[in-house]
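Asker: The structure follows.
In the working numbering, the protein residues as written are 27 to 269.
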């Protein structure tokens with residue numbers, strides 16, 4: 027019986043030492059790290075089951091030794107088994123704490139992945155017709171303001187897009203900008219950069235090209251920096267679009 031107990035003690039201490047090495051560096055590298063972290067948690071849980079099994083066996087042996095103590099006075103063996111039992115309990119506590127830490131890191135990774143997904147695929151803002159019609163009021167011509175409102179309804183052009191179109195310093199081209207942005211799906215940032223082209227006609231052409239060609243706003247800004255001539259600025263945007 028002593029050899030069996032000694033074997034259980036060695037196994038318990040070995041597993042307790044092994045549990046202390048589960049310090050896995052979890053970094054932000056999306057789904058691969060999340061998968062690895064989950065696998066580590068499963069491994070830790072398996073180790074936890076093993077430790078609990080050893081603990082149960084040790085408790086059984088301790089109980090037997092207590093019986094032997096009453097019958098034979100086996101005090102030393104009981105004390106050793108009690109120490110082993112305490113060590114096993116401590117190892118289980120450390121392992122459970124490690125599992126909790128890994129689970130917390132998994133939740134952190136999930137949040138970071140969701141943030142990255144939101145950055146890569148931003149949610150489309152909700153269309154509010156009332157806000158869009160109010161934005162059309164920034165076009166200082168009643169006829170063109172009304173034309174803007176009609177196109178806002180037709181294409182569901184959002185208020186921020188209309189506000190940027192209204193920065194084009196010509197009521198006609200500002201209202202045309204709203205229609206073109208709606209028809210060709212130009213977003214607010216694209217329109218904002220196009221509206222900075224000083225020639226209002228070419229600013230409108232820029233909106234069409236940006237929407238059709240899906241030209242990013244930073245590319246439009248770069249096109250404006252390449253020349254002081256509005257024609258070449260607008261042409262640069264057109265040439266930068268998806269063909």
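Glycine is no exception: its CB is placed at the ideal position from the N, C-alpha and C atoms.
Are residue 178 and residue 194 touching if we call contact CB-CB under 8 Å?
Answerer: It is not a contact, given that the beta carbons lie outside the stated cut-off.
Asker: Measuring only the C-alpha atoms, how far is residue 231 from residue 260?
Answerer: Going from the Cα of residue 231 to the Cα of residue 260 covers about 7 Å.
Asker: Can you tell me which of 217, 250, 251 and 64 puts its alpha carbon nearest to the alpha carbon of residue 126?
Answerer: Among 217, 250, 251 and 64, the Cα nearest to that of residue 126 is on 64.
Asker: Grab me the residues of residue 228's own chain with a C-beta within less than 8 Å of its C-beta, minus the 5 sequence neighbours each way, in chain order.
Answerer: So the list reads 256, 257, 259 and 260, once near-sequence residues are dropped.
Asker: Assuming contact is defined by CB atoms lying nearer than 8 Å, are residue 208 and residue 186 in contact in what I supplied?
Answerer: Going by C-beta atoms, residue 208 is not nearer than 8 Å to residue 186.
Asker: Quick one: grab the DSSP three-state call for residue 239.
Answerer: Helix, per DSSP.
Asker: Rounding to the nearest angstrom, what Cα-Cα distance links residue 199 and residue 156 in this structure?
Answerer: Cα-Cα distance, rounded: 22 Å.
Asker: Any idea what DSSP makes of residue 82, helix, strand or coil?
Answerer: It is helical.
Asker: Whose C-alpha, out of 90, 173 and 264, is nearest the C-alpha of residue 201?
Answerer: Here the closest residue by C-alpha is 173.
Asker: Buried or exposed: which applies to residue 131, given that a residue is buried once 16 or more other Cβ atoms fall within 10 Å of its Cβ?
Answerer: Residue 131 should be labelled buried.
Asker: Where residue 262 and residue 170 are concerned, what is the direct C-alpha to C-alpha distance, given to the nearest angstrom?
Answerer: Distance between the alpha carbons of residue 262 and residue 170 is about 29 Å.
Asker: Just to confirm, is the Cβ distance from residue 246 to residue 205 under 8 Å?
Answerer: Contact flag unset, no.
Asker: Helix, strand or coil, according to DSSP, for residue 217 in the structure here?
Answerer: Residue state, collapsed to three classes: helix.
Asker: Measure the C-alpha to C-alpha separation of residue 225 and residue 175 and round it to an integer number of angstroms.
Answerer: Straight-line Cα distance between these residues: approximately 24 Å.
Asker: Only counting the same chain, and skipping five residues up and downstream in sequence, which positions put a Cβ closer than 7 Å to that of residue 234?
Answerer: Taken in chain order, the residues that qualify are 206 and 210.
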